[in-house]
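Novice: Below is one structure. I have some questions about it.
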Amino acid sequence: MDSFLQSALNAMQQGRGSGLPAASGRIYDDLRQRILSLELVPGTSLSRAELAKHYAVSQTPLRDALQRLEQDSLIKIYPQSKTLVTHIDHDRISQALFLRRALETEVCLMLATTPQPFLLAQLRAVIEAQRSVSADTAKLRQFQELDEYFHFLMFDALGRSDLHSLMRSRTSDLDRVRRLQTHSSGQLDLILQGHVDVTDALESGDAARAVAALRQHLEKPDDWVLTYQKRFPDYFAA
Numbered sequence: 001m002d003s004f005l006q007s008a009l010n011a012m013q014q015g016r017g018s019g020l021p022a023a024s025g026r027i028y029d030d031l032r033q034r035i036l037s038l039e040l041v042p043g044t045s046l047s048r049a050e051l052a053k054h055y056a057v058s059q060t061p062l063r064d065a066l067q068r069l070e071q072d073s074l075i076k077i078y079p080q081s082k083t084l085v086t087h088i089d090h091d092r093i094s095q096a097l098f099l100r101r102a103l104e105t106e107v108c109l110m111l112a113t114t115p116q117p118f119l120l121a122q123l124r125a126v127i128e129a130q131r132s133v134s135a136d137t138a139k140l141r142q143f144q145e146l147d148e149y150f151h152f153l154m155f156d157a158l159g160r161s162d163l164h165s166l167m168r169s170r171t172s173d174l175d176r177v178r179r180l181q182t183h184s185s186g187q188l189d190l191i192l193q194g195h196v197d198v199t200d201a202l203e204s205g206d207a208a209r210a211v212a213a214l215r216q217h218l219e220k221p222d223d224w225v226l227t228y229q230k231r232f233p234d235y236f237a238a
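The following block contains the structure:
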């Protein structure tokens, strides 16, 4: 499982083509996951000295990684003062949902009309990898990283990993609330079933079914964010 996940992460890093040097990219990816998983909660102050020591790097690659995280709206850098993990913003969540539905619906439509047996095998391998870690709460981050990989594979199969990178950089607040959601009872099973339904629909070659499965997988109730804001008020912007 660990080797599969590492291969998945390497594939995403190569496919994204972030333009960051290797050291900066490594820091960016790890810090991003620590923020998305809420290991680093909104409002956390990040010490550059401690981060440089933790990652065993100089200030230059660390600076580049932090600047990219700020572009993703995950941190706010106050020059000569402090660096803070941002709070979750409602407007950014709404925009992210719109963007994700638009892009992934089109991707699903294109994939359903073009046979992709290798992609289907990859998607099913990811589903099995997710299933193998879903019962272990200590491996929730692995489950979440595999979830991202599942969706990356669909973009990559069309040669559009650049669009996945764009989406990824605009959906950080949405992703943080989704991470809160994964702690809810039965949520991991729903995510897994959504992946199964999308994969089965793509295999059927039925474009309408594939789009419907994808939309169902991404669908959220109107008040879903408020549910988590009430439980974690300190995580959200005023």
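Start counting the sequence shown at 1; every next residue gets the next number (full-length UniProt numbering).
Note that beta-carbon positions come from the ideal geometry of N, C-alpha and C, so glycine has one too.
Is it buried or exposed for Glu-39, if we count other Cβ within 10 angstroms and need 16 for buried?
Specialist: exposed
Novice: Consult DSSP for Lys-76 and reduce its assignment to one of helix, strand or coil.
Specialist: strand
Novice: Taking Thr-83 as part of the beta strand (DSSP E), name the residues at either end of that continuous run.
Specialist: 82–85
Novice: Can you tell me whether Phe-232 is helix, strand or coil according to DSSP?
Specialist: coil
Novice: With a 10 Å radius around its C-beta and 16 neighbouring C-beta atoms as the bar for buried, classify Gly-17 as buried or exposed.
Specialist: Any answer about Gly-17 is weak, because its pLDDT of 47 lies below 50 and its placement is not dependable; what the coordinates show is given next. Exposed.
Novice: Return the CA-CA distance between Met-167 and Val-196, expressed in angstroms with no decimal places.
Specialist: Taking the Cα positions, Met-167 is about 22 Å away from Val-196.
Novice: Give me whichever residues DSSP pairs with Ser-45 in a beta bridge.
Specialist: Leu-84
Novice: Mind reading off the beta-carbon distance from Tyr-228 to Leu-174? Whole number of angstroms is fine, and I expect it under 8 Å.
Specialist: So it is not a contact: roughly 12 Å between Cβ atoms.
Novice: Suppose the cutoff is 6 Å on Cβ atoms and the five residues either side in sequence are ignored; what does the same chain contact list for Ala-201 look like?
Specialist: Arg-209, Ala-210, Ala-213
Novice: Could you tell me whether the Cβ of His-90 comes closer than 8 Å to any Cβ of chain D?
Specialist: Absent here is chain D; the protein component of the structure consists of one chain.
Novice: Let's see if you can read the secondary structure: which residues bound the alpha helix (DSSP H) around Leu-61?
Specialist: Going by the sequence as given, residue 61 is Pro instead of Leu. It spans 59–71 - the alpha helix (DSSP H) in which Pro-61 sits, taken as one unbroken run.
Novice: For Arg-178 and Asp-223, what's the separation of their Cα atoms in angstroms?
Specialist: Looking at the two C-alpha atoms, the distance is approximately 14 Å.
Novice: My understanding is that Ala-23 touches Pro-79, with C-beta atoms under 8 Å, so please give their C-beta distance in whole angstroms.
Specialist: Not really, about 22 Å apart at Cβ, beyond 8 Å.
Novice: So, with DSSP's three-state summary, where would you put Leu-166?
Specialist: helix
Novice: On the DSSP letters alone, give me the boundaries of the alpha helix (DSSP H) that Thr-105 sits inside.
Specialist: 90–112
Novice: Check this for me: beta carbons of Thr-171 and Leu-99, under 8 Å apart or not?
Specialist: yes
Novice: Given that a residue counts as buried once 16 or more other Cβ atoms are within 10 Å of its Cβ, and exposed if not, what is Asp-29?
Specialist: buried
Novice: Taking contact to mean at least 3 C-beta pairs separated by less than 8 Å, is the region 135–149 in contact with the region 102–116?
Specialist: no
Novice: Around the C-beta of Leu-74, are 16 or more other C-beta atoms found within 10 angstroms, so that it is buried, or is it exposed?
Specialist: A buried status is given to Leu-74, since no fewer than 16 other beta-carbon atoms sit within 10 Å of its beta-carbon.
Novice: The alpha helix (DSSP H) spanning Asp-200 covers which residue range?
Specialist: 187–204
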